[in-house]
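The block underneath contains the structure these notes are about, expressed in structure tokens.
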Amino acid sequence: MVEERYYTVDIIVHDRENAYSKVNELLHQYADIIKLRVGYPVPDENIAIVFLIVKTNNDTMGAFTGKLGNIKGVKVKSVAVN
29 MVEERYYTVD
39 IIVHDRENAY
49 SKVNELLHQY
59 ADIIKLRVGY
69 PVPDENIAIV
79 FLIVKTNNDT
89 MGAFTGKLGN
99 IKGVKVKSVA
109 VN
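Using the working numbering, you'd call the opening residue of the sequence shown number 29 and step up by one each time.
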């Protein structure tokens, strides 16, 4: 059995108008691993900040953050909790 653990994920969307819908679509695809989602849109500056807590294995986490990072205008950082 593959070990699962918790991660925090910080997502900064620098081009909210063009990238936010792609980010939301990806978050929907991975909804089963997301335990907490907090979003802070800043329309005046065309950015959004999303904080997640997820529980998954290393491979799924890498695939998820890799796909997020490949979206133009998006920066992502994850940290393993335990």
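Even glycine gets a Cβ: it sits at the ideal position worked out from N, Cα and C.
The model shown is predicted, which means the values in this text are computed figures rather than measured ones.
- Here Gly67 carries a strand assignment [DSSP, helix/strand/coil].
- Cβ neighbours of Arg44 within its own chain (closer than 6 angstroms, five residues either side excluded): Asn74, Ile75, Ala76.
- Taking a C-beta distance under 7 angstroms as the contact criterion, Ala47 and Val82 do not qualify as a contact pair.
- Val107 sits away from Leu96, with the two beta carbons spaced by 7 angstroms or more.
- Boundaries for Ala108: no alpha helix (DSSP H) harbours it, while the beta strand (DSSP E) harbouring it runs 102 to 108, taken from the DSSP string.
- Here Leu64 is exposed. Its C-beta has fewer than 16 other C-beta atoms within 10 Å.
- Closest in alpha carbon position to Gly67, among Val109, Thr84, Asn52, is Asn52.
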